[in-house]
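Colleague:
Numbering (our numbering), first residue to last: 393 to 458.
Have a look at this one:
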């Protein structure tokens, strides 16, 4: 599992799968205003996008990912 944070758009991404190929995420489910789940064609969770990450996540988590 890997976490990336993009400060310019204030979004974080938790990679559940080791590598996500272009177009592999075929289904997304938005849980709320900040959390989006990406799934492959078999329904396997690939990753979790966190919008407004600086408001949702611990500051130390964000600093470690930079």
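No residue lacks a Cβ here, since even glycine has one placed at the ideal position from N, Cα and C.
Can at least three beta-carbon pairs, one atom from the region 408-417 and one from the region 443-453, be found at a separation below 8 Å?
Modeller: No: the two stretches stay apart, fewer than three of their Cβ pairs being nearer than 8 Å.
Colleague: Looking at the structure shown, is residue 433 part of a helix, part of a strand, or coil, going by DSSP?
Modeller: By one-based count along the chain shown, residue 433 stands at place 41. Residue 433 falls in the coil class under three-state DSSP.
Colleague: Taking the C-alpha atoms as reference points, what is the distance between residue 398 and residue 456?
Modeller: If you number the chain shown from 1, residue 398 lands on position 6. If you number the chain shown from 1, residue 456 lands on position 64. Rounded to the nearest angstrom, the two C-alpha atoms are 12 Å apart.
Colleague: Secondary structure at residue 449, three-state DSSP: helix, strand or coil?
Modeller: Mapped onto the chain shown, residue 449 falls at position 57. Residue state, collapsed to three classes: coil.
Colleague: Using only CA atoms, which one of 430, 434 and 423 lies nearest to residue 387?
Modeller: Given that the chain is displayed from residue 393 to residue 458, the structure contains no residue 387 and the question cannot be resolved.
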